[in-house]
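Participant:
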Amino acid sequence: METEQTQLTVANDATVEFLVRFARAAHNAGYPTADFEDRLVSLADALGLEAAQVSATPTLVELSFGTLTRQRTYALRVHPPSVDLDAIARLEDLAQDIVSGRVTTETALGRLADITAHPLRRPWYVQLAAYAVAGGAVTPVLGGSWREVLTGGLVGLVVGAVALVARRRSRAEPMVAPLAAVAASFTAAALVRTGLKASPDVVTLAALVTFLPGMALTIGVRELATGHLQSGVANTANALIQLLGLVFGVGVGRSIAAHWFGATQRTVHQTGFTGTQLLAAVAAGLAFTVTLRAQSRAAPIMCAATLLAISTNAIGRSLVGAAAGTFIAALAIGLVGGVVASRLRRPPLVFIVPGVLMLVPGSAGFRSLLQLLTGQTVSGISAGFNTFVTAMAIAYGLMVATVVVPPRVTGDRGRDSPM
464 METEQTQLTV ANDATVEFLV RFARAAHNAG YPTADFEDRL VSLADALGLE
514 AAQVSATPTL VELSFGTLTR QRTYALRVHP PSVDLDAIAR LEDLAQDIVS
564 GRVTTETALG RLADITAHPL RRPWYVQLAA YAVAGGAVTP VLGGSWREVL
614 TGGLVGLVVG AVALVARRRS RAEPMVAPLA AVAASFTAAA LVRTGLKASP
664 DVVTLAALVT FLPGMALTIG VRELATGHLQ SGVANTANAL IQLLGLVFGV
714 GVGRSIAAHW FGATQRTVHQ TGFTGTQLLA AVAAGLAFTV TLRAQSRAAP
764 IMCAATLLAI STNAIGRSLV GAAAGTFIAA LAIGLVGGVV ASRLRRPPLV
814 FIVPGVLMLV PGSAGFRSLL QLLTGQTVSG ISAGFNTFVT AMAIAYGLMV
864 ATVVVPPRVT GDRGRDSPM
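The opening residue of the sequence shown carries number 464 in our numbering; numbering runs sequentially from there.
What follows is the structure in structure tokens.
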């Protein structure tokens, strides 16, 4: 009897160890909070742990197992993550195998160790090229011409170099976005002074698109709307700090450029939907495949997501206006993302994240950030309001999509897949 009890204790310890390690890996990969919590509860149910409870914020994860009189609680100190779509895909495959009973806990621990020890890495020059392509591809969405495309690519190249160098040191991670913003605004102004007749405002925002906290703000607003108050406040505050860091960096870069070269003409382009934007969306999808660390085979899916985002947003804006158009575009992204998840057995985030990233600069709310970046303080209040309206429209669009599209066939056991 004592031997059986010992074996049961060892088995439970291995199961708990796996779940705790999975929680850290999933958080580091950038799971949305609601999806993260549901996934861990599903795994705990599948592995036979009683009364599993999970609470997650960007800085703390708590897991509890067992009845109240025998409850064991584990706390993990974590940091706000960046999205790693390759890790999410591999973790989702592992979770499905566990829920379906195809792997044991010991095997799962080995696979989890392999996922954390061997993240997807691409050569530095591929990453650098992706930043350049992203900077050039987004400019048509913001109303830029071929001059802005060229300038945006050059500025994106500089931004990528700054980001790659800064990320080599963990202590420099919080400063990556402000440093990139300084480099983007200064380089854009410097290139315009050399004779390139491009808008430094459009170029700066386009080059910084990979740093815009659109997904983080959307997740935070969604969690506030669904009652996840602690994580919602934390994610929203984190997104706002990132945004303020970008605005600060742009202001510093512009100040240096104005002092050295003199003031440059500031213009905000008015956008209209053109076929060029469709080509730009494909290019952006390819760039996001690298910057979001997705598998290469996911590139067609991500390009389809950016195409859907830009086209549905344009159609929606022309039919029902800016805010409603953003909602329709987000709804379409969520619906198609759910179908992709169920049909192709891929995580819905592989489709949703690039779609939302493309929707962010393409929407009226985030395009008004140009007003903040150009020092128009009075209109900045309106810009901030429009930004939150945009975030709410995207969040509610994704929420409605999870209600319309049934959850994909995994071990969710009737839970809706949040994103």
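Every residue, glycine too, gets a C-beta built ideally from N, C-alpha and C.
In whole angstroms, what is the alpha-carbon distance linking GLN590 and GLY511?
Facilitator: Numbered from its first residue, the sequence shown carries residue 590 at position 127. Numbered from its first residue, the sequence shown carries residue 511 at position 48. If I take the Cα positions, the gap works out to 42 Å.
Participant: Are the beta-carbon atoms of PRO811 and GLY800 separated by less than 7 Å?
Facilitator: Taking the sequence shown and counting its residues from 1, the one referred to as residue 811 is at position 348. Taking the sequence shown and counting its residues from 1, the one referred to as residue 800 is at position 337. Yes. Within cutoff.
Participant: Using alpha carbons as the reference points, say which of HIS542, LEU554, GLY493, THR532 lies closest to LEU482.
Facilitator: Position 19 of the sequence shown, counted from the start, is the residue given in the question as residue 482. Selected option, being the one with the closest Cα: LEU554.
Participant: Alpha carbon to alpha carbon, what distance is there between GLN559 and GLY606?
Facilitator: The residue labelled residue 606 in the question sits at position 143 within the sequence shown. The residue labelled residue 559 in the question sits at position 96 within the sequence shown. Each residue's Cα considered, the two are about 43 Å apart.
Participant: Who pairs with SER527 in a beta bridge, going by DSSP?
Facilitator: Numbered from 1 along the sequence shown, position 64 holds the residue referred to as residue 527. Answer is GLN516, THR536.
Participant: Look at the alpha carbon of MET855 and the alpha carbon of GLU569, and state the distance between them as a whole number of angstroms.
Facilitator: The residue labelled residue 855 in the question sits at position 392 within the sequence shown. The residue labelled residue 569 in the question sits at position 106 within the sequence shown. Taking the straight line joining both Cα atoms gives about 43 Å.
Participant: Straight-line CA distance for ILE764 to HIS691?
Facilitator: By 1-based counting over the sequence shown, the position of residue 764 is 301. By 1-based counting over the sequence shown, the position of residue 691 is 228. Roughly 30 Å separates the two Cα atoms.
Participant: Check whether the segment 573-580 and the segment 622-639 are in contact - that is, three or more C-beta pairs closer than 8 Å.
Facilitator: No, the segment 573-580 does not touch the segment 622-639.
Participant: Secondary structure at VAL731, three-state DSSP: helix, strand or coil?
Facilitator: Counting from one through the sequence shown, the residue named residue 731 turns up at place 268. With a pLDDT of only 49 at VAL731, under 50, the local geometry of the prediction cannot be trusted, and the value read off the model is given with reservation. Of the three classes helix, strand and coil, the one that applies to VAL731 here is coil, per DSSP.
Participant: Considering only C-alpha positions, which residue in the set TYR494, ASP498, GLU480 is nearest to THR689?
Facilitator: Indexing the sequence shown from 1 puts residue 689 at position 226. Looking at the Cα atoms, ASP498 is the closest of the given residues.
Participant: Between LEU523, ALA492, GLY529, which lies nearest to VAL504 when the distance is taken from Cα to Cα?
Facilitator: Working through the sequence shown from its first residue, we reach residue 504 at position 41. The option with the nearest alpha carbon to VAL504 is GLY529.
Participant: Below 8 Å, how does it come out for the segment 855-864 and the segment 691-702: are there three or more Cβ pairs, yes or no?
Facilitator: At 8 Å Cβ cutoff, the stretches do not touch.
Participant: Helix, strand or coil, according to DSSP, for VAL866 in the structure here?
Facilitator: Here residue 866 refers to the residue found at position 403 when the sequence shown is read from its first residue. It is helical.
Participant: Does the distance from the C-beta atom of ALA669 to that of GLY598 stay below 7 Å?
Facilitator: Stepping through the sequence shown from its first residue, residue 669 is reached at position 206. Stepping through the sequence shown from its first residue, residue 598 is reached at position 135. Yes, they are a contact pair.
Participant: Quick check on the DSSP output: the alpha helix (DSSP H) that includes SER774 runs from which residue to which?
Facilitator: Taking the sequence shown and counting its residues from 1, one reaches residue 774 at position 311. Residues 762-783.
Participant: Identify whether ARG487 lies in helix, strand or coil by the three-state DSSP scheme.
Facilitator: Numbered from 1 along the sequence shown, position 24 holds the residue referred to as residue 487. DSSP places ARG487 in helix when its eight states are reduced to three.
Participant: Compare the C-alpha of LEU506 against each of ARG535, ALA571, VAL546, GLY784 and name the closest.
Facilitator: The residue labelled residue 506 in the question sits at position 43 within the sequence shown. Closest option to LEU506, Cα to Cα, is ALA571.
Participant: Sorted by chain position, which residues of the same chain lie with C-beta nearer than 6 Å to LEU770's C-beta, five sequence neighbours on each side aside?
Facilitator: Stepping through the sequence shown from its first residue, residue 770 is reached at position 307. Closer than 6 Å at the Cβ level, and outside the excluded window around LEU770, lie ALA744.
Participant: Can we count PHE481 as close to the ligand GDP, meaning its CB is less than 6 Å from some heavy atom?
Facilitator: The model on display carries no ligand, and the ligand GDP is accordingly not part of it.
Participant: State yes or no: is the beta carbon of ALA519 nearer than 7 Å to at least one beta carbon in chain D?
Facilitator: Absence of chain D from the displayed structure is noted, only one protein chain being present.
Participant: Under 7 Å between the Cβ atoms of ALA702 and GLY714?
Facilitator: Your numbering for residue 702 matches position 239 in the sequence shown. Your numbering for residue 714 matches position 251 in the sequence shown. Cβ distance not < 7 Å, so ALA702 and GLY714 don't count as in contact.
Participant: So is VAL866 buried or exposed if we call it buried at 16+ other beta carbons inside 10 Å?
Facilitator: Residue mapping note: residue 866 aligns to position 403 of the sequence shown, counting from 1. Counting Cβ neighbours within 10 Å, VAL866 comes out exposed, since fewer than 16 surround it.
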